[in-house]
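**Student:** Sharing a structure below in C-alpha cells format, with a few things to ask.
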Amino acid sequence: MFSFSPSLDPARASAALATLLKHPDPDLFRADARRLRQAFALFSSYCPPPWPAPGLIVPPEVHYLSEVWLPLALIRPSFERLYRAALTFPPVLSSTPFASAASWAALVAAMPDRLCRGGNPALLMERLLHDPVLLADFLFWSFMPQRFYGGGAIRYPQQALFLEDLIGCFPADRPLRCLDAACGDGSDSYRLTGMLLDSGRSADRFTVEGWTLDPLEVWAAAHAAVPLDGAHQAVLRELAQPVFDRRGNGSMLFRQADLREPPGQRERFDLVVCNGLLGGPILHRAGQIETVARNLASLLRPGGMLLAADRFHGGWKKQVPRECLGNLLQGCGLAVWEAGEGLAAVKQ
C-alpha cells in the first residue's frame, strides 16, 4: 500500500511518481501494434471520414461503423496489457474509459488532443511506448476521469456548515484525528484541514488522513498535481496552498486503502467523512455496502462521528435510498440523523 505526505516540491513529487510508474518494453507490444495497425487500415479503407478524433460529436452511425470495423473488444485487451505493464500496482481496470465507452470512436472523442491525433490506436500505443511523459498523462487521464471530481465547487455546502459547527464544539486543546474516506483528489481533505486551522486549532492538535483505493489519486492528492489537466490542478493548488502556507500539511497524510477490507486495530478516528461513495456507481451491491458501512463504523472511536453524503441521481437513490443507508449504519451500532445533504452517525 502506498502513502505520501503532502508536498508541493516538484522533485519529491517526481520521486514519488517513480514508485508508481514503470516504462514498458516496446518489444513486448509489437504484435499488439501490428494487429491494431491492420485493423485501423481496414477501418479507414471502408469507412468515410469523419474518423474518430478528440472533440468529435459522435453520431450513432459513427458508433456503428467504429464497432463494425474497429471494435473496442479488439482494442481493449492491448491497452489493458499496457496499463498492467506501466503501473507498479494492479490497476482497477473497471475505472478506465475502456470499461464504459460505447465504441472506440466515443473513447477517442473524449480524449485530449495531445493524446490521440487521428484516432489510430496503433499510433497511440507506439507514442505511449516511446514517450514516458505522454504515457504518464495517459494513465492519469485513464484513472482520474473528470466526472469523479467537483471542479472546485463545494459539493455539500450544508454539510460543510454542519462540519464547521461540529469542529467548533471540540475543545481547542483536544487532539483530533480525522479521516476523509474515499478522498479522491484530496480536495475535501484540504478543505477539512483548512476548517480545523480556521477554528483556531494549531496544526499539532489534529491529523487529517485521506484514503483512496487508487495510488494515482493518492499521489495527485498529496502533490496537488494532475498531469494533462491544468484546470483541475489549478483548483487543487488553490485549495492546498493556504494549508501549506499555514504548515497544516505537516498534519496530513494520503494513503492507499481499501474500505472493503477490515481496518487495523489502531485505526480509530474522532471524525470520518465519506462522501460520494455509498450507494453509487462505485459501491452499490448490498453486500459491499454492508461491509464498508461496518468498516467505517469500526474506524470510529467511542463518541466519534461519521458524515456521509452524495449527489447520486434518482436511479441510484431508488436502489439504495437514504433510509436504507441509515438503517445499515444503525445496525452497526451508530445513532443516525440527517445532517446537511446526508447523514451523521455517532458511535455510542
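Going by our numbering, the sequence shown opens with residue 690, and the numbers climb by one from there. Here a beta-carbon is modelled for each residue, glycine too, at the ideal position from N, C-alpha and C. Quick caveat: nothing in here was measured; it's all calculated off a predicted structure.
(1) Looking at GLY1029 and ALA998, is the spacing between their C-beta atoms short of 8 Å?
(2) Mind the definition here: the region 899 to 909 touches the region 850 to 865 only if three or more C-beta pairs lie below 8 Å; say whether that holds.
(3) Output yes or no for whether 8 Å exceeds the beta carbon distance between TRP900 and LEU850.
(4) Judging by CA-CA distance, which residue of ASP934, VAL897, GLY808, PHE718 is the nearest neighbour of VAL747?
(5) Which first and last residues belong to the alpha helix (DSSP H) in which GLN848 is found?
(6) Tell me where the beta strand (DSSP E) around PHE958 begins and ends.
(7) Could you say which of GLU898, GLY889, LEU865, ASP893 lies nearest to ASP877 if we only look at CA atoms?
(8) Along the alpha helix (DSSP H) that carries THR777, what are the first and last residues, could you check?
(9) CB-CB under 6 Å to GLN847, same chain, minus the five flanking residues each way: which ones, in chain order?
(10) Confirm, please, whether the CB-CB distance from CYS1013 to ALA870 is below 8 Å.
(11) For the alpha helix (DSSP H) that MET884 lies in, which residues bound it at each end?
(12) Pull up the distance between the alpha-carbon of ALA1024 and that of MET800, whole angstroms please.
(13) Rounded to whole angstroms, what is the Cα-Cα separation between LEU855 and GLN930?
(14) So, do the region 780 to 800 and the region 747 to 756 have three or more beta carbon pairs nearer to each other than 8 Å?
(15) Under the rule that 16 or more other beta-carbon atoms within 10 Å means buried, what is LYS711, buried or exposed?
(16) Note the first and the last residue of the continuous beta strand (DSSP E) segment covering PHE895.
(17) What is the rounded straight-line gap between the Cα of LEU1018 and the Cα of ARG894?
(18) Take ARG983 as the anchor and find which of LEU960, GLY1022, GLN954 has the nearest alpha-carbon.
(19) Grab me the residues of GLN1037's own chain with a C-beta within less than 7 Å of its C-beta, minus the 5 sequence neighbours each way, in chain order.
(20) Less than 6 Å between C-beta atoms, sequence neighbours within five positions excluded: which residues of the same chain meet that for ALA911?
(21) Are at least three pairs of beta-carbons, each pair with one atom in the region 706 to 722 and one in the region 765 to 780, less than 8 Å apart?
(22) Applying the 10 Å Cβ sphere with the 16-neighbour rule, what's the burial state of MET690?
(23) In chain order, what residues of the same chain have a beta carbon less than 8 Å from the beta carbon of GLY857, not counting five sequence neighbours either side?
(24) Could you give the first and the last residue of the continuous beta strand (DSSP E) run that contains ALA1024?
(25) Taking DSSP as the reference, what is the three-state secondary structure of ASP934?
(26) Report the rounded CA-to-CA distance for LEU886 versus SER792, giving the unit in angstroms.
(27) Since ASP802 is in the beta strand (DSSP E), which residue starts that stretch and which ends it?
(28) State the Cα-Cα distance for the pair ALA705 and TRP908, rounded to the nearest angstrom.
(29) For a test of the three-state rule: what should DSSP assign to ASP826, helix, strand or coil?
(30) What would DSSP say about ARG723, mapped onto helix, strand or coil?
**Tutor:** A quick look at the data gives this:
(1) yes
(2) no
(3) no
(4) GLY808
(5) 846 to 858
(6) 958 to 963
(7) GLU898
(8) THR777 -> no alpha helix (DSSP H), and no H or E assigned at all.
(9) GLY1029, GLU1030
(10) no
(11) 876 to 887
(12) 45 Å
(13) 24 Å
(14) yes
(15) exposed
(16) 895 to 901
(17) 29 Å
(18) GLY1022
(19) GLY1022, ALA1024
(20) PHE693, PRO695, PHE943
(21) yes
(22) exposed
(23) SER888
(24) 1023 to 1028
(25) helix
(26) 48 Å
(27) No beta strand (DSSP E) contains ASP802, which DSSP labels as neither H nor E.
(28) 7 Å
(29) helix
(30) helix
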